[in-house]
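To start, the structure itself, in structure tokens.
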Amino acid sequence: MAEAFKLGFVGAGNMAESIARGVAKSGVLPPASIRTSHRRSDRRDAFRSFGVEIVETNSQVVDRSDIIILSVKPQMVKSVLLELKPSFSEEKVLVSVAAGIKLKELQEWSGHRRVIRVMPNTPSAVGQAASVMCMAEMATKKDEERVSSLFGAIGKIWTADEKYFDAVTGLSGSGPAYIFLTIEALADGGVAAGLPRDLALGLASQTVLGAATMVTNTGKHPGQLKDAVTSPAGTTIAGVHELEKGAYRGTLINAVVAASKRSRELSQT
Ligand SMILES: NC(=O)c1ccc[n+]([C@@H]2O[C@H](COP(=O)([O-])OP(=O)(O)OC[C@H]3O[C@@H](n4cnc5c(N)ncnc54)[C@H](OP(=O)(O)O)[C@@H]3O)[C@@H](O)[C@H]2O)c1
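In the working numbering, the protein residues as written are 8 to 276.
Shown next as structure tokens:
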């Protein structure tokens, strides 16, 4: 277990629940060290069910926590932070997961400088998030370690400069949707080739999982792994040839670039 500290969530929604469950389950913190509040009883019950302390208000969450994860929808961030402004004393760390909200804005609205921004993604719900964090100057090495341990409980986390966050959004933020589409299309291909639908879907998703695990576990370049499974005049190179004719790689590259561009546009408005 990491060095004990108190963790609070403002915005007890889906992302907060994924993080809180991961943190409690992995033993990074005992659930009694976590607190949140919510106006709806179903959300309070969801957190209470695994031992999280429920308090009355957002400001009580902040008062009783060392690290506060802000997990309301992006459009709520400004009003919630303006309301909580008086509660942020110097030793507290504010962590925002709100998509598109910059460190500078978080600092301005909260009046607090010890701020960290994290971009997780949907697979956080199954403990396989790809998260990236960036830190304001006032955040310390210890803050970084603590936040890494929290988000490490729901997947993997990297630290990067904030200037990369639109690209991160275009890749890991939007990426799960690209892969859902890919799995669906692979399964459709299986059905078109004569497989029953259930078998095709199971094979498609396990194949994506297995290939991703090979890239992660072997550390080999994906091109090298592809070369190793494409024998001369074989079946796989025939499939790869079709993908190249359909501009598969170029299309994925364009998708990431388009989503990054859209992220930049949205965060400017
Ligand atoms: N889900 C993801 O995969 C993902 C990935 C990356 C980043 N994020 C970020 O995570 C944040 C939360 O997303 P989510 O998917 O978890 O959304 P969500 O399930 O809607 O959670 C937000 C929660 O905040 C509550 N809330 C609204 N106003 C509040 C207030 N004034 N004080 C306290 N709580 C309030 C909402 O309650 P009501 O429902 O009653 O309004 C809701 O339970 C967003 O900023 C999003 O950009 C999410």
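A virtual CB, placed ideally from N, CA and C, is assigned to each residue, including glycine. Computed from a predicted structure; not experimentally measured.
| Given residue 114, which residues of its chain have a CB within under 8 Å of its CB, disregarding the five upstream and five downstream residues? | 120, 122, 143
| message | Going by the DSSP bridge assignment, what does residue 165 pair with across the sheet? | response | 139
| query | Does ligand 1 have even one heavy atom less than 6 Å from the beta-carbon of residue 1? | reply | Any property of residue 1 remains undetermined from this structure, which presents the chain solely from 8 to 276.
| query | Do you know offhand how far residue 93's Cα is from residue 68's? | reply | Distance from the CA of residue 93 to the CA of residue 68, rounded to the nearest whole angstrom, comes to 13 Å.
| query | Thinking C-beta only, is residue 38 closer than 7 Å to residue 62? | reply | Going by beta carbons, residue 62 and residue 38 fall outside the 7 Å limit.
| request: Using 6 Å as the cut-off, classify the Cβ of residue 181 as near or not near the heavy atoms of ligand 1, replying yes or no. | output: no
| message | What ranges does the beta strand (DSSP E) occupy inside the segment 161 to 232, keeping only unbroken runs of at least 3 residues that lie completely in it? | response | 162 to 166, all fully within the segment 161 to 232.
| field | Beta-carbon proximity check, residue 173 vs residue 103, cutoff 7 Å | value | no
| Unbroken alpha helix (DSSP H) runs of length 4 or more, entirely within the segment 96 to 163: which are they? | 110 to 117, 148 to 159
| request: Note the first and the last residue of the continuous alpha helix (DSSP H) segment covering residue 246. | output: 242 to 252
| field | Proximity of residue 135 and residue 162 at Cβ, strictly below 7 Å | value | yes
| message | Under 6 Å: does the beta carbon of residue 109 sit that close to some heavy atom of ligand 1? | response | no
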